[in-house]
Amino acid sequence: MALLSKQERRHFPDWDDSEQCKFHRVAVDLEKCDGCKLCTIVCPSNVLELFVDGNGKKKARVKENHRGCISCNNCYAICESGAIEASHHYDFVGYYRQLGRGEFSKPRIF
Amino acid sequence: MFVEPSARAIRVEDPEEVEKEAGRSSKITVVPEGAEWNAVEQVMLQRRSIRKYKKAQVPAHLIRRMLEMGRYAPSQGNCQPWKFVVIRDSAIIQGIEDFCVGECKKTSSAIDYASMPAGSFKRFVTRIKAKLFNRLQPNMMHPVPVSGITAIAEGRFAVFHHAPTVILLLMDKRGIGVPPIDIGICGTNIVLAAQSLGLGTCWIGFSKFLNQSPEWCVKLGVEEPYEISEAITVGYPVGNPTHLIARETHEIGWFEDGKKQVLY
Ligand SMILES: Cc1cc2nc3c(=O)[nH]c(=O)nc-3n(C[C@H](O)[C@H](O)[C@H](O)COP(=O)(O)O)c2cc1C
Ligand code: SF4
Ligand code: SF4
């Protein structure tokens with residue numbers, strides 16, 4: 047018994063199809079974000095940018111066209127306002143489908 | 003000449019009997035349930051891959067301290083299949099950066115159809131080629147590193163992150179069993195030591211492009227039977243990337259008392 051079907055093992059997802067390559071969009075809490083810009087400079091996938099909101103304040107957001115938030119939470123680690131967090135992993139259809147994953151969780155004490 | 007010894011060898015049945023008889027038993031200590039993280043666990047949890055560094059150089063003695071921890075890593079058959087190259091010369095770091103960026107540009111334009119104009123002939127042909135490579139080298143052709151290579155090619159991402167120090171981990175290809183595992187463990191020691199010393203690090207898999215440059219291999223002393231396995235950048239992190247983050251849990255098969263449980 048295999049976890050991936052024969053068909054899945056033969057299917058390599060199209061890199062340009064967001065249905066086949068599901069990259070998570072991190073959520074920025076605009077109330078909390080103070081526009082310090084640090085998340086945008088440390089994000090390894092270059093998916094975050096600053097913009098000016100309706101009140102003329104700088105805030106972070108995910109770029110419209112992006113390929114590849116890797117759910118590393120570098121943005122969360124550096125954000126001193128607690129405004130941003132990845133809570134889902136990337137996933138793919140076919141050969142690269144994620145297996146045996148549970149929910150995101152902070153370090154648990156046992 | 004071989005002489006059969008007359009006295010019989012003492013057979014050791016139970017190692018715990020041995021330590022007891024010798025009066026040299028070790029104590030069992032159990033960290034209580036729910037105890038806070040100890041210093042080592044804290045270091046493991048706070049380590050992040052750091053890709054933005056301050057300009058300040060890391061004092062040489064701290065690099066030596068880190069490599070000393072690498073030296074004590076376990077390895078298959080104690081074969082220690084590693085060799086370190088430390089680069090702290092900004093001109094050389096820029097040189098290897100430029101070379102790897104060049105390789106990323108070539109690779110990206112050879113395979114990454116997703117970055118090519120929609121509907122173009124080049125995109126159409128490249129897609130067919132990429133699908134074939136994908137099948138032949140599924141680990142390298144995962145969508146994540148491919149988009150990383152294109153980001154480097156387009157100048158949105160760096161290879162060595164402009165770090166003040168780069169450590170190359172060279173692997174002796176003759177290592178026992180599976181030498182890349184030993185390199186991974188050795189590097190983990192180095193990276194965790196760095197974290198405990200207040201430094202930031204990042205593993206650089208894209209450093210492997212350097213193996214394709216005979217010039218750089220000669221200059222850096224990468225010769226047969228060695229190859230560059232990985233690199234680690236080191237420096238002082240920008241900002242305070244210290245918050246403990248969430249990560250997904252993974253399935254754990256747990257066999258005990260004749261039962262199997264699945265935990266996460
Ligand atoms: C063997 C290895 C190679 C890696 N290569 C790169 C690389 O070339 N460039 C990079 O920016 N990050 C690289 N990384 C870092 C990973 O992206 C990172 O470890 C992962 O996203 C988890 O994030 P964390 O290290 O902050 O916990 C590498 C990691 C490992 C273990
Ligand atoms: S690090 Fe936090 S506060 Fe700073 S810009 Fe990013 S989300 Fe906003
Ligand atoms: S989780 Fe990582 S890749 Fe995704 S937005 Fe945050 S820093 Fe960028």
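Heads up: the protein sequence lines correspond to chains A and B, in order. Using the working numbering, the letters of the first sequence correspond one by one to residues 47 to 156. Using the working numbering, the letters of the second sequence correspond one by one to residues 3 to 266. C-beta: ideal position from N, C-alpha, C; glycine also.
Around the beta carbon of B/V264, fewer than 16 other beta carbons lie within 10 angstroms, which makes this residue exposed.
No heavy atom of ligand 1 is found nearer than 8 Å to the CB of A/C115. In the structure shown, A/H112 falls within a coil segment according to DSSP collapsed to helix, strand and coil. Note that the C-beta distance between B/L212 and B/K85 is not below 9 Å. For B/A233, the beta-bridge partners assigned by DSSP are B/L170 and B/I206. With distances taken between CA atoms, A/A106 lies nearest to A/V98 out of A/H57, A/V98 and A/S91. Distance between B/P76 and B/W218, taken at the CA atoms: about 30 Å. Inside the region 117 to 179 of chain B, DSSP marks whole beta strand (DSSP E) runs of 3 or more residues at positions 167 to 174, from first to last along the chain. At a cut-off of 8 Å, the beta-carbon of B/W205 counts as near ligand 1: some heavy atom of the ligand is closer than that. Distances between the C-beta of A/I130 and the heavy atoms of ligand 3 include at least one below 8 Å. In this structure, A/L94 has its beta carbon less than 8 Å from a heavy atom of ligand 3. One alpha carbon belongs to B/P227, the other to B/G177, and they sit about 10 Å apart.
Between A/H112 and A/N92, the alpha-carbon positions lie close to 8 Å from each other. At a beta-carbon threshold of 9 Å, the residues of chain A lying near B/H245 are N119, Y122, A123, I124, C125, E126 and G128, ordered along the chain. With a cutoff of 8 Å, A/P90 counts as near ligand 3, since its C-beta is closer than that to a heavy atom of the ligand. Interface criterion not met: the Cβ of B/K107 is under 9 Å from no Cβ in chain A. For B/V240, the Cβ stays outside the 8 Å cut-off from all heavy atoms of ligand 3. Against A/C67, the close residues of chain B are P145, in the order they occur along the chain (beta-carbon pairs closer than 8 Å). A direct Cα-to-Cα measurement between B/G36 and A/R154 gives close to 9 Å. Residue state for A/L94 is assigned as strand, using DSSP reduced to three classes.
Taking the Cα of B/I169 as reference, the smallest distance to any Cα among B/Q78, B/V193, B/V33 and B/S198 is reached at B/V193. The beta-bridge partner set that DSSP reports for B/Y55 consists of B/P239. For the options B/W39, B/A132, B/F162 and B/V33, the alpha carbon positioned closest to that of B/Q96 is the one of B/F162.
Between ligand 3 and A/V72, a heavy atom-to-CB distance of less than 8 Å is present.
At least one heavy atom of ligand 3 is found less than 8 Å from the C-beta of A/C118. For B/R249, the three-state secondary structure derived from DSSP is strand. When the alpha-carbon of A/V72 is set against those of A/T86, A/Y142, A/G102 and A/W61, the nearest one is in A/T86.
If you check the C-beta of A/C85 against ligand 3, you find a heavy atom less than 8 Å away.
Against A/D62, the close residues of chain B are Y115 and A116, in the order they occur along the chain (beta-carbon pairs closer than 8 Å). Annotation for B/G186: the continuous alpha helix (DSSP H) segment containing it runs P181 to S198.
Residues V87 of the same chain have their beta carbon placed closer than 6 Å to that of B/L222, with the five preceding and five following residues left out of the count. Taken through DSSP and simplified to helix, strand or coil, B/Y115 comes out as helix. The CB of B/N136 comes closer than 7 Å to the CB of F58 in chain A, given here in chain order. Considering only beta carbons, the part of the region 141 to 155 of chain A lying closer than 7 Å to chain B consists of Y141, Y142, G146, R147, G148, E149, F150, S151, K152, P153 and I155, in chain order. The beta carbon of A/L96 does not come within 9 Å of any beta carbon belonging to chain B, so the residue lies off that interface.
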